[in-house]
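Colleague: Before I ask anything, let me first share the structure, which is written out below as structure tokens.
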């Protein structure tokens, strides 16, 4: 199932932000903790950071998106442009509070150039919201489907490597995203891509195995669809579908309903059709990522190496082509390769 937050955070600010620019409230962690029983995830107070935001320092500008459970705004916090994801007070219940607490719990500890930057949160009802950096480039999904953009192979590889590095960092820290798709990948003004939306992300259990269906059917691994135990390799399957999105600019299984797609993936081994002109090593990587058996899927550290090798070959081929153009092939013509 899709995350309860059915919008993409299209946002990002200056990473030079400092909380000292504003006075912050000291969150009453014990009061916040009492809202959950001991079986639920809480937001611990380890005394190492300050992330509770005083709502009076938030200024809301235009609404970017709206979902069943909340709204996404572009705004400012201490004169910095930010994204503000706020829960609708009338929709807040114990389950949604737990989702909110889990997202804050994960995001407050995440620091990587390819993961959307958490700035702070308001944890005191009725103003439950999460504040992140603002992503000027919007989502990769919007680029592909609304702006009708097409990635060249070098650009596609750069996006894929950015995502892989962000996901490798998350997995190294025992975090499973569980809803990886183009709509949850955001671009900044320099076209650096970051992994976003941790509404259904989870810290991996000590056993390394998790259960319960979550995510979006068209990107979901078969073991997750079937409610079987799963681990970080479920994200690798979803990444394979994301790679296909980047290649084609299409929605996976667009001729099927999400449920039909899920049934096909599980019962018939259904996968998107890889375009015939796809770079062979890239096509091979897609097939590895969406193997039915999770054990056969590569880790993101291996995926990064494969993508970087493909990119290296592409750069070499480009330079070789220019060499031939500038030597005999462009004889009598002006060369612009230097």
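Residue numbers (mature numbering (1 follows the signal peptide of the UniProt record, and there is no 0)): -20 to -1, 1 to 318.
C-beta: ideal position from N, C-alpha, C; glycine also.
Predicted model, so just to flag it, every value in this text is computed and none were measured.
Does any heavy atom of the ligand SAH sit closer than 7 angstroms to the C-beta of residue 264?
Modeller: Ligands are entirely absent from the displayed structure, and the ligand SAH is therefore not among its contents.
Colleague: Comparing alpha-carbon positions, which option in 159, 196, 33 and 139 lies nearest residue 168?
Modeller: Residue numbering aside, residue 168 sits at position 188 when the chain shown is read from its first letter. The shortest Cα separation from residue 168 among 159, 196, 33 and 139 belongs to 139.
Colleague: Taking just the CA atoms, how far does residue 250 sit from residue 133?
Modeller: Locating residue 133 in the chain shown gives position 153, where the first residue counts as 1. Locating residue 250 in the chain shown gives position 270, where the first residue counts as 1. Roughly 25 angstroms separates the two Cα atoms.
Colleague: Can the beta-carbon of residue 214 be found less than 8 angstroms from the beta-carbon of residue 156?
Modeller: Here residue 214 is taken as the residue at index 234 of the chain shown, counted from 1. Here residue 156 is taken as the residue at index 176 of the chain shown, counted from 1. Going by C-beta atoms, residue 214 is nearer than 8 angstroms to residue 156.
Colleague: Going by DSSP in three states, residue 273 sits in which element: helix, strand or coil?
Modeller: Sequence index remark: in the chain shown, residue 273 carries index 293 (1-based). DSSP places residue 273 in coil when its eight states are reduced to three.
Colleague: Check residue 177 in the structure and name its three-state DSSP category.
Modeller: Stepping through the chain shown from its first residue, residue 177 is reached at position 197. Of the three classes helix, strand and coil, the one that applies to residue 177 here is coil, per DSSP.
Colleague: Identify which residue in 238, 120, 31 and 290 has its Cα closest to the Cα of residue 85.
Modeller: Start at 1 with the first residue of the chain shown, and residue 85 comes out as number 105. It is 31 whose Cα lies nearest to the Cα of residue 85.
Colleague: I need the DSSP call for residue 50, collapsed to helix, strand or coil.
Modeller: Position 70 of the chain shown, counted from the first residue, corresponds to residue 50. Strand.
Colleague: Drop a sphere of 10 angstroms on the beta-carbon of residue 276, count the other beta-carbons inside from all chains shown, and report buried for 16 or more, exposed for fewer.
Modeller: Mapped onto the chain shown, residue 276 falls at position 296. The residue in question, residue 276, is exposed, as its Cβ has fewer than 16 Cβ neighbours within 10 Å.
Colleague: Just reading off the beta strand (DSSP E) that residue 120 is part of, what are its end residues?
Modeller: Mapped onto the chain shown, residue 120 falls at position 140. Taken as a continuous stretch (DSSP letters only), residue 120 belongs to no beta strand (DSSP E), being part of the alpha helix (DSSP H) at 120 to 125.
Colleague: How many angstroms separate the CA atom of residue 177 from the CA atom of residue 93?
Modeller: Locating residue 177 in the chain shown gives position 197, counting from the first residue. Locating residue 93 in the chain shown gives position 113, counting from the first residue. About 15 angstroms.
Colleague: When you compare the CB positions of residue 172 and residue 114, do they come within less than 8 angstroms of one another, or not?
Modeller: Here residue 172 corresponds to residue number 192 of the chain shown, with the count starting at 1. Here residue 114 corresponds to residue number 134 of the chain shown, with the count starting at 1. For residue 172 and residue 114, no; Cβs fall outside 8 angstroms.
Colleague: May I ask you to report which of helix, strand or coil DSSP gives residue 116?
Modeller: To locate residue 116, count along the chain shown from 1; it is residue 136. Residue state, collapsed to three classes: coil.
Colleague: Per the DSSP calculation, residue 167 is bridged to which residue(s)?
Modeller: Translated into positions along the chain shown, residue 167 becomes position 187. 118 and 173, per the DSSP bridge assignment.
Colleague: Would you check if the stretch 220 to 232 and the stretch 260 to 271 touch, i.e. whether three or more CB-CB distances between them fall below 8 angstroms?
Modeller: A contact exists between the stretch 260 to 271 and the stretch 220 to 232.
Colleague: Express the C-alpha separation of residue 88 and residue 255 in angstroms, rounding to a whole number.
Modeller: For the purposes of this step, residue 255 is identified with residue 275 of the chain shown, where counting begins at 1. For the purposes of this step, residue 88 is identified with residue 108 of the chain shown, where counting begins at 1. Their backbone Cα atoms lie some 40 angstroms apart in a straight line.
Colleague: Among residues of its own chain, excluding the 5 on either side of residue 289, which ones have a beta-carbon nearer than 8 angstroms to its beta-carbon?
Modeller: Against the chain shown, residue 289 aligns to sequence position 309. Result list for residue 289: 261, in chain order.
Colleague: Residues in its own chain within less than 6 angstroms of residue 212 by CB, not counting five upstream and five downstream?
Modeller: To locate residue 212, count along the chain shown from 1; it is residue 232. Excluding sequence neighbours, residue 212 sits near 151 and 156.
Colleague: Specify the secondary structure class of residue 131 as computed by DSSP and reduced to three states.
Modeller: Here the question's residue 131 lines up with position 151 in the chain shown. It is coil, neither helix nor strand.
Colleague: Nearest to residue 35 by CA position, among 146, 64 and 199, is which residue?
Modeller: Working through the chain shown from its first residue, we reach residue 35 at position 55. When each option's Cα is compared against that of residue 35, the closest is 64.
Colleague: Taking the CB atoms as reference points, tell me whether residue 66 and residue 51 lie closer together than 8 angstroms.
Modeller: Position 86 of the chain shown, counting from 1, holds the residue named residue 66. Position 71 of the chain shown, counting from 1, holds the residue named residue 51. Cβ distance < 8 angstroms, so residue 66 and residue 51 count as in contact.
Colleague: Please go through the same chain and pick out, in chain order, the residues whose beta-carbon is closer than 8 angstroms to the beta-carbon of residue 232, but skip the five residues on each side of it.
Modeller: Translated into positions along the chain shown, residue 232 becomes position 252. For residue 232, where only same-chain residues beyond five positions count, the Cβ hits under 8 angstroms are 198, 199, 221, 224, 225, 241 and 252.
Colleague: For residue 149 and residue 158, what's the separation of their Cα atoms in angstroms?
Modeller: Counting from 1 along the chain shown, the entry for residue 149 is found at position 169. Counting from 1 along the chain shown, the entry for residue 158 is found at position 178. Roughly 15 angstroms between the two C-alpha positions.
Colleague: Look at the alpha carbon of residue 147 and the alpha carbon of residue 239, and state the distance between them as a whole number of angstroms.
Modeller: Position 167 of the chain shown, counting from 1, holds the residue named residue 147. Position 259 of the chain shown, counting from 1, holds the residue named residue 239. If you take the alpha carbons of residue 147 and residue 239, they lie about 26 angstroms apart.
Colleague: Express the C-alpha separation of residue 41 and residue 108 in angstroms, rounding to a whole number.
Modeller: Taking the chain shown and counting its residues from 1, the one referred to as residue 108 is at position 128. Taking the chain shown and counting its residues from 1, the one referred to as residue 41 is at position 61. Their backbone Cα atoms lie some 17 angstroms apart in a straight line.
Colleague: In whole angstroms, what is the alpha-carbon distance linking residue 281 and residue 216?
Modeller: Numbered from 1 along the chain shown, position 301 holds the residue referred to as residue 281. Numbered from 1 along the chain shown, position 236 holds the residue referred to as residue 216. Between residue 281 and residue 216, the C-alpha separation is close to 11 angstroms.
Colleague: By Cβ distance, which residues of its chain are closer than 8 angstroms to residue 246, with the 5 residues on each side in sequence left out?
Modeller: To locate residue 246, count along the chain shown from 1; it is residue 266. Excluding sequence neighbours, residue 246 sits near 202, 205 and 206.
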